[in-house]
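*Asks:* Please read through the structure below; I'll follow up with questions.
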Amino acid sequence: SKLTKMTRPILSTIAPPLYDIGAVAMRLLTKIMNKEEIVDSEITLPYKIEWRNTTK
Numbered sequence: 705s706k707l708t709k710m711t712r713p714i715l716s717t718i719a720p721p722l723y724d725i726g727a728v729a730m731r732l733l734t735k736i737m738n739k740e741e742i743v744d745s746e747i748t749l750p751y752k753i754e755w756r757n758t759t760k
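Residue 705 is where the sequence shown starts when you use our numbering, and the numbers rise one by one after that.
Laid out in structure tokens, this is it:
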């Protein structure tokens, strides 16, 4: 993000999978609206670590 690039040293961050988060949210909302059972109470999505100058 713009903020992490303005700091010194440049911060390492986690890049969340925004598209996947939105897709999962829509599936859950659709199930709720259709009064369907939601089986999974916990959802795990992959993420990417953006290594920068604050990690070695």
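Quick reminder that beta carbons are idealized off the backbone N, C-alpha and C, glycines included.
1. L715 and T759 - do their beta-carbons sit closer together than 7 angstroms?
2. Where do the N-terminal and C-terminal ends of the alpha helix (DSSP H) with T711 fall, by residue?
3. Considering I753, what are the terminal residues of the beta strand (DSSP E) in which it resides?
4. Among all the DSSP beta bridges, which residues are the ones paired with I761?
5. If you compare alpha carbons, which of T748, E740, R712 is closest to V728?
*Replies:* Let me lay it out:
1. In terms of Cβ geometry, T759 and L715 do not form a close pair [threshold 7 angstroms].
2. Run containing T711: none; DSSP gives neither H nor E here.
3. Counting along the chain, the beta strand (DSSP E) containing I753 begins and ends at 752-754.
4. Past the edges of the chain, shown from 705 to 760, lies residue 761, and the structure says nothing about it.
5. V728 has its Cα closest to that of T748, out of T748, E740, R712.
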